[in-house]
Amino acid sequence: MADINNGYLLQQLQEKFEADIISADEPYGMLTIVFDKNKIIDLLSFLYNHTELKMQFLTDLCGIQYPDNEGKEFGVIYHLHSLQNNLRLRIKCFMPKDAPQISTVTGLFASANWQERETYDFYGIIFTGHPDLRRILNVDEMDYFPMRKEYPLEDQTRTDKDDTYFGR
Amino acid sequence: MSNIQISPPPAGIEGQGFFATKIEEAIGLARANSIWPLPFATSCCGIEFMATMASNYDLARFGSERISFSPRQADLLMVTGTISKKMGPVLRQVYLQMAEPRWVIAVGACASSGGIFDTYSVLQGIDKVIPVDVYVPGCPPRPEQIIEGVMKIQELVKTESLRRRTSPEYKALMASYGIE
Amino acid sequence: MQQNELDIANNTETKEYTTLNLGPTHPATHGIFQNVLTMDGEIIVNSEQTLGYIHRAFEKIAEHRPYYQITPLTDRLNYCSSPINNMGWHMTVEKLLGIETPKRVDYFRVIIMELARISDHLVCNSVIGVDIGALTGFTYVFQLRERIYDIFESICGARLTTNIGRIGGLERDFSKDTFKLIKEFLVEFPKIFGEFTSLLERNRIFIDRTVGTGPISAERALNYGFTGPNLRATGVDYDVRVMNPYCSYQDFDFTIPIGKQGDTFDRFMVRQQEMLESMKIIKQALENLPEGKHFANVPEFFLPPKQEVYNNMEALIWHFKIVMGEADVPKGEVYHSVEGGNGELGFYLVSDGSRSAYRLHFRRPCFIYYQAFPEMVKGSTISDAIVAMSSMNVIAGELDA
Ligand code: SF4
C-alpha cells in the first residue's frame, strides 16, 4: 500500500478530477486545492467513500470574500480531515457575486448544517438544497450580510462617540 | 464566638420599651439586607458572577442568599455580560416582568457601554433599553468589585424614599424608556 | 414542523403537543440560547434551537485589529478556559510567521493550558451536579477554581480573561510565587477533587440520572463533527494533542480516557479522568522544565518588556514598529488547531501581508456539536435533556462567536 500523504492524495484527486482542479498548493503542510464549485459534491463523496483516504470528518466550513477578484468574489472553504490517516485537506471553491450559489454538503455531513447557515448569514452565499437556510447568529430582520467587506464593523447608531478625538 | 454583626438601627427616638423611627427607614433597612438578585448572566462576566456566588466570595453574606431565577420575585436585576441586539428585547421583557421597586446593576464593560465590542451586533450599553442604577466597570470585574456594586445598591435601597416610585421624575424617567 | 416527523407517537392525528419555550434566559441553560421544545406530556418530541443571543462579531472585529489585539478577543470565546484560546491563537500566528519557540515557552504553555483545561472541566462537571440537584460539589470545586485563578493572576494579572502570553512567547518568566502556587495546587487538588469525586461518581442517584441520558453513537458523533471530551465519550480516541502534537505535547506521557456509550455519564467520567491526566502533564512539565528564555528571538513581533522600552533605544524602536504595525507579515493561509476545553479549537487565518488578518475564522467546537442536541434528547424527558445539555458544556461565547 502506498504511503497515504499529501502526494498520494493529490495524485488520487488528479486521476479522478483532472479537469476540475483549478490549482493545487501546499501552504504550511496542508494540501490546498481550488476546485470547480459545481463538482463539490462529487469530490466530497469521492473522498468520503474512498477506501483508503476515508476523509469522513468535516473539520470546518467557512466563507471568504475577495471583492476585487472579478467573477470569483465569494469563496467557500472546506477543511476535511481523515481521522484514520491523520491527513488534512483544504478545498476552496469560488463563485461570482451575482450568483453566489453552491450546493450544500449537509447530505454528507450533518455538521455542515449550521456552518452553512452561518456562512449564509455572514456572506449571503446560498447553499442550494440546504434544508433550512435561515440566518443563525444575527437578527432575522437584518437586511445585509455583515461580514462582506463593504459593510462597516461599527455600530452606526452610536451617539456617544466624538470622532474629533479619534482622528476619524 | 460568632462574629455576626447586627446592622445599626436607623435614627429614631428610643425609650423604655419603645423605639420610634420613620417607617421609610425601617423598610429601607429591611429591603437593603434582603435583596433577591436575578442574575442575567450571558457571557464571560457571568462566570465571574458564579465565582461571586460561590464559596470563596459568597454574596450571601450581604443578604443576597437567595438567587431568584424568576423575574417576578426578584428585586435586583444583575446584567452580567454582553447584551446583543437580539437579546435587547428579551432583557427589556425581563425588566418589565419585575415588580416595583426594582433595581438594575450593569456588571462589566459590555453591559455598561458595549465594552470592546463596538460592533453591529452588540447593544452599546444596556441603558439604551432599561434604566440602570449602578455600573460596575471591568472586563470582567473582579468578584470584589461586583460585591461593591451590590453594596452600592444596598446604599441606594436604604436611602430611597418610599414615594420615589410614584414621583413625576420617576415617571418621566420610565416614559423616556417607553415604559408605562 | 410536519406531522410525519413526529414518529414517536403512533397516532399522530389525535395527539396534541405542547410547545415549551426553554430559554433564552432559563437558569438551566447556563448561557443564552433558546430551545423550543415540542412536548408530548413530559417527553420531548422535537426541539429547535435558536442562537445568536450573544453574537459579538469576533470575526469581523478580527479583520480590523492587528494580530496582537486579537488575543483579547480569543479570551472571550470559551471564557471558561481562555488561556487555551490565547495560546492557540499565538501558535497560529507563529506558524504563519515561521517562529520556533524555545522549549521553556512550550512547557510553560503546556502548564497553563492544562490548568485551564482543569478549570473548564471543573465548571462543566460541577454544573452537571447542580442540574441534578447536587449543589454541594459545586461549592467544593469552585474553591479549586479560585486556586487556578490565583495562579493565572500571578502569571498575567488577570483571572478570567487572561490574555496570557505574546506572539513568540510569554511576557515574563514564571515568578517564584507562581511555582509555589502551582506546587501547592498540585498537593491540594487531589484532596478536594477526591471529595468531589466521592460525592458524585458512585452516587446512586447521580448514576441513575446520567447513565443512558442523551446518548449518541460514535458514528453520528463524527458526522456531527464532535470533538473533544464529547467525542471521546463515544469511544473515539481523537485528541489533537496526540494526533497533531503542538507545543511539545509529544514530550509528555499521558493517556486519553475514552467512554463507551456517549451518554452523560461517560462524558462526565471522561472529563473527570482528563483532569487527572492534566495533573500528570503539569507534574511532568514542572519536573522537566528546561532552562532558557521565555520568548523566541523575534524582536520584530515579540513586544519587548516595558523597562526595556523606556531604557533602551532598540527596544523602543521595536516597540514602536510592532504597535504601529510595520513588521512584515508573510502572505498566506494557515490552519492551526489545539485541543480546547470542548474539542478541536481551530484558527483559520488568511493573511494578505497587512497588519491585521484578512480573514480569521474560528472553528468553535461548541457551535458545531450543539447541532446534535435535538437528536440526542429526542424521546427523553425534559429533566434529562437539561442534564444532557449541561454535560455537553455548551459555552455561549464560543457558540455565538
Ligand atoms: S465586559 Fe468583558 S468579561 Fe464582561 S462580558 Fe464583556 S467582554 Fe466579557
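First to last, the sequence lines map onto chains X, Z and E.
Position 72, counted from 1, in the first sequence is what my numbering calls 64; the numbers after and before it change by one each time, with no gaps.
Numbers in my numbering are just positions in the second sequence, counted from 1, shifted up by 65.
Numbers in my numbering are just positions in the third sequence, counted from 1, shifted up by 9.
Cβ atoms here follow ideal geometry from the backbone N, Cα and C, with glycine treated the same way.
Keep in mind the model is a prediction, meaning the values are calculated, not measured.
Contact between the segment 196 to 213 of chain Z and the segment 170 to 181 of chain Z is present, with at least three C-beta pairs closer than 8 Å. Taking a cut-off of 8 Å on C-beta distances, the segment 240 to 247 of chain E does not touch the segment 381 to 394 of chain E, as fewer than three cross pairs fall below it. Counting C-beta pairs closer than 8 Å gives three or more between the segment 98 to 115 of chain Z and the segment 215 to 229 of chain Z, which meets the contact rule. For the segment 159 to 183 of chain E, the residues whose beta carbon sits under 8 Å from a beta carbon of chain Z are, in order, 168, 169, 170. The residue from Z:206, Z:106, Z:96, Z:82 with its alpha-carbon nearest to that of residue 35 of chain E is Z:106.
For residue 360 of chain E, no alpha helix (DSSP H) segment is defined; the enclosing uninterrupted segment is the beta strand (DSSP E) at 353 to 361. DSSP lists X:52, X:82 as the beta-bridge partner residues of residue 71 of chain X. Neighbourhood of residue 33 of chain E in chain Z, by CB distance below 8 Å: 152, 155, in chain order. The beta carbons of residue 177 of chain Z and residue 63 of chain E sit no closer together than 7 Å.
In the structure shown, residue 228 of chain Z falls within a coil segment according to DSSP collapsed to helix, strand and coil. With respect to residue 31 of chain E, residue 48 of chain E sits apart: the two C-beta atoms are not nearer than 7 Å.
Listed in chain order, the positions of the segment 101 to 129 of chain X with a beta carbon within less than 9 Å of a beta carbon of chain E are 101, 102, 103, 104, 105, 106, 107, 110, 113, 114, 127, 128, 129.
Ranking E:104, E:297, E:343, E:284 by CA distance to the CA of residue 23 of chain X puts E:343 first. Take residue 166 of chain Z, set aside five residues on each side of it, and the residues of its chain with a beta-carbon closer than 6 Å to its own are 230, in chain order.
The three-state secondary structure of residue 46 of chain E, taken from DSSP, is strand. Spanning the alpha carbons of residue 294 of chain E and residue 9 of chain X requires a straight line of approximately 47 Å. One thing to note: residue 125 of chain X has its Cβ no nearer than 7 Å to the Cβ of residue 143 of chain X. Within the segment 49 to 62 of chain X, the residues whose Cβ lies closer than 7 Å to some Cβ of chain E are 49, 50, 51, 52, 54, 56, listed in chain order.
For residue 114 of chain X, the enclosing alpha helix (DSSP H) starts and ends at 104 to 115. Proximity of chain X to residue 186 of chain Z at the Cβ level (cut-off 7 Å) is accounted for by 130, in chain order. Relative to the ligand SF4, even the nearest heavy atom lies 6 Å or more away from the CB of residue 96 of chain Z. Taking a cut-off of 8 Å for Cβ pairs, the segment 141 to 153 of chain E and the segment 333 to 351 of chain E do not touch, as fewer than three such pairs fall below it. For residue 174 of chain Z, the Cβ falls inside the 6 Å cut-off from some heavy atom of the ligand SF4. Residue 99 of chain E does not reach chain X, its nearest Cβ partner there being about 16 Å away, counting only Cβ pairs nearer than 9 Å.
Among the CB atoms of chain X, none fall inside 7 Å of the CB of residue 306 of chain E. Under the Cβ criterion of 7 Å, residue 186 of chain E is not counted among the residues facing chain X. Among the residues facing chain X, residue 370 of chain E is included, as its CB has a counterpart in that chain under 7 Å away. For the segment 62 to 88 of chain E, residues whose beta-carbon sits nearer than 7 Å to a beta-carbon of chain Z comprise 62, 63, 64, 65, 66, 69, 70, 81, 85, 88. Setting aside the 5 residues that flank it on each side, residue 38 of chain X is surrounded in the same chain by 8, each with a C-beta closer than 7 Å to its C-beta; the list follows chain order.
Among the residues facing chain E, residue 2 of chain X is not included, as its CB has no counterpart in that chain under 7 Å away. In the three-state reduction of the DSSP assignment, residue 377 of chain E falls in the helix class, which pools H, G and I. Rounded to whole angstroms, the separation of the alpha carbons of residue 86 of chain X and residue 30 of chain X is 10 Å. For residue 171 of chain Z, the enclosing beta strand (DSSP E) covers residues 168 to 172. Secondary structure within the segment 235 to 296 of chain E: the alpha helix (DSSP H) runs of 4 or more consecutive residues, fully enclosed, are 237 to 241, 249 to 252, 273 to 296 (chain order).
Straight across, the Cα-Cα distance linking residue 383 of chain E with residue 138 of chain E is about 22 Å. Short note on residue 146 of chain Z: C-beta closer than 6 Å to some heavy atom of the ligand SF4.
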